[in-house]
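Asker:
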Amino acid sequence: MSRAAAAQPTSSRAADAQALFEQGRAALEARDCVRAIPLFRKSQELYPARGTLFNLAQCEAELGRFASATQHYKELLTQLTPGDPRLPIAQQRIADLEPRLPKLVVQVAGGAPAPSEVVLDRVAMPQASLGSEVPVDPGDHVIVARWADGRQAEARVSVGEGARKDVRLEPPPVAAAPPPPLPVSDAPQAPSLPPDAPPRASSARRTLAFVVGGIGVAALGGSLITGGLAIGAKGDLEKECPDPSRCSEEGMSLSSRGQTLTTTSSVLGAIGLAGLGAGLVLFLTTPEQGTSVALTPAILPGGGGALLHSRF
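Mind the numbering: the sequence shown is residues 2 to 313 in this note's numbering, read in order.
Written out as structure tokens, the structure is:
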């Protein structure tokens, strides 16, 4: 009973393989090797047979897959017995295909470490095959080499029928290690100083200082002038009104004019002093930019005064 149970799956696989083989033969007779090849491969996986392998190699050769066909014909030679009519056919087809085989020679650049893995068209290559001719099918191929440190190099080549192509792989440069992080200090950080005011702001502040100071100087000058006129009006008033109880109409007019000039002189003096002081404060608090300022006394019309000198 155990033998029967074990034989049943084998019989079923053989039947499935036979059905696939017959479908592949029908596709081959219809000259449709593109459809026949996957049928023969699946049949061979289920139940290996020399007839399936022979037909698979025949279809691959017709599609120009010379390396695959040669490999399967050589595999078939190890299974055929002397006297099998397929033996000389397989030998002759190998002889016909070998001159047409493209070959790749995959090498690693001199001085580079040996890769841990080399993959040709998604199939790992034996390490011993590096530097040797490897038969391939005509067309495009992708070779990928991987190193133990994670580096990887890739090459894409196209090789024609009967041609030889040398491929040299070199690992990319090792990436530089990132700099170590700076130590973090627990000490409190000093507050950063505010940036210096831009030159344009300093220039505007200096201009404002001159304007305000100039107004103050002008007001002081006006105060001195009106004060001088008030003094002159007082002298004339003393002539017209030597006695307050006896004062002419002209004296009364002089008295009123003198009071107005005195008041104006006081107001202008206050404005002048305030403007001059504000101008000096603005100028002296402006950032240093190679300027100098000086206040000197001067004799002005109507009295004394001060002149503001600046050099920049």
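Ideal Cβ placement from N, Cα and C applies to all residues, glycine included.
Assuming contact is defined by CB atoms lying nearer than 9 Å, are Leu121 and Val137 in contact in what I supplied?
Answerer: A contact, by the Cβ cut-off of 9 Å.
Asker: Ser133: buried (16+ other C-beta within 10 angstroms of its C-beta) or exposed?
Answerer: When all chains shown are included, Ser133 counts as exposed.
Asker: Any idea what DSSP makes of Gln260, helix, strand or coil?
Answerer: In this structure, Gln260 counts as helix in the three-state DSSP scheme.
Asker: How is the beta strand (DSSP E) around Leu105 delimited, first residue to last?
Answerer: Counting along the chain, the beta strand (DSSP E) containing Leu105 begins and ends at Lys104 to Val109.
Asker: Alpha carbons only, please: which of Thr53, Gly161 and Phe284 is nearest the one belonging to Arg343?
Answerer: Here the chain has residues from 2 to 313 only, and residue 343 is not among them.
Asker: Helix, strand or coil for Gln153, going by three-state DSSP, please let me know.
Answerer: Three-state result, Gln153: strand.
Asker: Around the C-beta of Glu99, are 16 or more other C-beta atoms found within 10 angstroms, so that it is buried, or is it exposed?
Answerer: By the neighbour-count rule (16 or more Cβ atoms within 10 Å), Glu99 is not buried but exposed.
Asker: If you drop the 5 nearest sequence neighbours on each side, which residues of the same chain put their C-beta closer than 7 Å to that of Ala15?
Answerer: Around Ala15: Tyr48.
Asker: Quick check on Leu183: buried or exposed, where buried means 16 or more other Cβ atoms within 10 Å of its Cβ?
Answerer: Exposed, since its Cβ has fewer than 16 Cβ neighbours within 10 Å.
Asker: Measuring alpha carbon to alpha carbon, tell me which of Ser256, Asn56, Gly52 and Val268 ends up nearest Ile226.
Answerer: Looking at the Cα atoms, Val268 is the closest of the given residues.
Asker: Does the beta-carbon of Glu155 have 16 or more other beta-carbons within 10 angstroms, so that it is buried, or is it exposed?
Answerer: With fewer than 16 other Cβ atoms within 10 Å, it is exposed.
Asker: In whole angstroms, give me the CA-to-CA distance for Gln108 and Trp148.
Answerer: Roughly 14 Å separates the two Cα atoms.
Asker: Whose C-beta lies closer than 8 Å to the C-beta of Ala7 among residues of the same chain, with five residues either side of it excluded?
Answerer: Low confidence applies to Ala7: its pLDDT is 36, below 50, so where it sits in the model is not reliable enough to give any reading.
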